[in-house]
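Be aware that the sequence shown starts at 93, since it is given in the numbering used here, and climbs by one per residue. Heads up, the beta-carbon is just placed ideally off N, CA and C, and yes, glycines get one too.
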Amino acid sequence: MTRWKKWELALLLGLCAAMLWGAWSMQRQDALAQKMIRLHVIANSDSEADQALKLEVRDKVLNFTTNVLQRSVDMEDAQMQLQDALDRIENIAQREIVNQGYDYPVTAQLTRTEFPLKEYDGFSLPAGEYMALRLVIGEGAGQNWWCVVYPPLCTAAATDMSRTAIQAGLTDDDVSLITEEDAGYVLKFRSLELWEQLRQWLGKK
93 MTRWKKWELA LLLGLCAAML WGAWSMQRQD ALAQKMIRLH VIANSDSEAD QALKLEVRDK
153 VLNFTTNVLQ RSVDMEDAQM QLQDALDRIE NIAQREIVNQ GYDYPVTAQL TRTEFPLKEY
213 DGFSLPAGEY MALRLVIGEG AGQNWWCVVY PPLCTAAATD MSRTAIQAGL TDDDVSLITE
273 EDAGYVLKFR SLELWEQLRQ WLGKK
């Protein structure tokens with residue numbers, strides 16, 4: 093019968109604990125991601141002018157999507173509303189690009205996208221895969237901008253953020269986690285980021 097050394101047992105127990113933590117963390121992130129749609133705007137380049145244009149397009153699209161999604165009753169309905177409005181969103185973005193004096197093409201699509209850990213004003217989101225309204229301006233070679241369009245956390249006032257999130261289907265635990273009220277959120281988010289990187293690496297093998 094094999095006799096385990098103390099350090100071998102400790103290593104094994106540590107590995108098991110890490111795997112359980114990772115599995116729980118990924119499940120937690122996936123559950124949160126199923127309740128959100130993010131906005132992802134990618135600039136033509138990193139030039140000052142193209143980055144400024146990106147923000148102008150963002151503002152126009154955010155204004156439109158906020159009005160559209162006010163009618164949404166849940167995540168599924170929000171996704172359907174955006175899918176039906178993709179042509180209009182693309183046209184709004186294209187019109188703003190032309191108004192600003194550029195002739196870049198722009199594409200809009202609703203697609204699943206990988207996001208890194210991101211801290212916003214008043215809340216944070218773990219790394220992982222989320223449904224996203226993705227706009228690519230021109231070459232799409234510049235820095236990007238992202239936030240959350242459903243629930244409309246990008247435009248919600250800080251005092252209304254929790255209420256807005258809960259009305260859209262997030263739980264009190266979800267809100268506690270993303271608003272950093274959960275004391276362990278940093279460790280949880282960093283572990284999620286590491287596990288997400290591992291999942292992407294394994295997916296390429």
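Which residues bound the beta strand (DSSP E) around residue 163?
Residue mapping note: residue 163 aligns to position 71 of the sequence shown, counting from 1. Residue 163 -> no beta strand (DSSP E), and no H or E assigned at all.
Less than 7 Å between C-beta atoms, sequence neighbours within five positions excluded: which residues of the same chain meet that for residue 194?
One-based indexing of the sequence shown puts residue 194 at position 102. Excluding sequence neighbours, residue 194 sits near 145.
Selected residue, minimal CA-CA separation from residue 214, among 203, 161, 244, 253:
Within the sequence shown, numbered from 1, the residue matching residue 214 stands at position 122. If we check each option's Cα against that of residue 214, 253 comes out closest.
Reducing DSSP to helix, strand and coil, say where residue 126 ends up.
If you number the sequence shown from 1, residue 126 lands on position 34. Coil at residue 126, not helix or strand.
Close beta carbons around residue 158, own chain, < 6 Å, minus the five adjacent residues each side
Here residue 158 is taken as the residue at index 66 of the sequence shown, counted from 1. If we look at residue 158 and ignore the five residues flanking it on each side, its Cβ neighbours are 244, 247.
Coarse secondary structure for residue 155, derived from DSSP in three states:
Position 63 of the sequence shown, counted from the start, is the residue given in the question as residue 155. DSSP places residue 155 in helix when its eight states are reduced to three.
Sort out for me which residues DSSP pairs residue 220 with in a bridge.
In the sequence shown, counting from the first residue as 1, residue 220 sits at position 128. Paired residue(s): 207.
Does DSSP put residue 236 in a helix, a strand or coil?
As a first step, residue 236 must be located in the sequence shown, where it is residue number 144. It is a strand residue.
Quick one: Cα of residue 148 to Cα of residue 138, how far?
Against the sequence shown, residue 148 aligns to sequence position 56. Against the sequence shown, residue 138 aligns to sequence position 46. Straight-line Cα distance between these residues: approximately 15 Å.
Residues near residue 238 in its chain [Cβ-Cβ closer than 8 Å; skip 5 each side]:
Indexing the sequence shown from 1 puts residue 238 at position 146. Hits under 8 Å: 130, 131, 132, 133, 207, 210, 224.
In the DSSP assignment, find the unbroken alpha helix (DSSP H) run with residue 185 in it and report its ends.
Here residue 185 refers to the residue found at position 93 of the sequence shown. From DSSP, the alpha helix (DSSP H) with residue 185 extends over 178-191.
Going by alpha carbons, who is nearest to residue 202 out of 182, 255, 124?
Here residue 202 corresponds to residue number 110 of the sequence shown, with the count starting at 1. Residue 202 has its Cα closest to that of 182, out of 182, 255, 124.
Contacts around residue 189, its chain only, beta-carbon distance under 8 Å, and the 5 residues preceding and following it disregarded:
Against the sequence shown, residue 189 aligns to sequence position 97. Taken in chain order, the residues that qualify are 145, 149, 195, 196, 198, 229.
Just reading off the alpha helix (DSSP H) that residue 254 is part of, what are its end residues?
Locating residue 254 in the sequence shown gives position 162, where the first residue counts as 1. 253-259 is the span of the alpha helix (DSSP H), which, as asked, contains residue 254.
Assigned secondary structure, residue 170 (DSSP; H/G/I helix, E/B strand, else coil):
Looking up residue 170 in the sequence shown gives position 78. Helix at residue 170.
Please state if the CB of residue 262 and the CB of residue 127 are separated by a distance shorter than 8 Å.
Start at 1 with the first residue of the sequence shown, and residue 127 comes out as number 35. Start at 1 with the first residue of the sequence shown, and residue 262 comes out as number 170. Contact flag set, yes.
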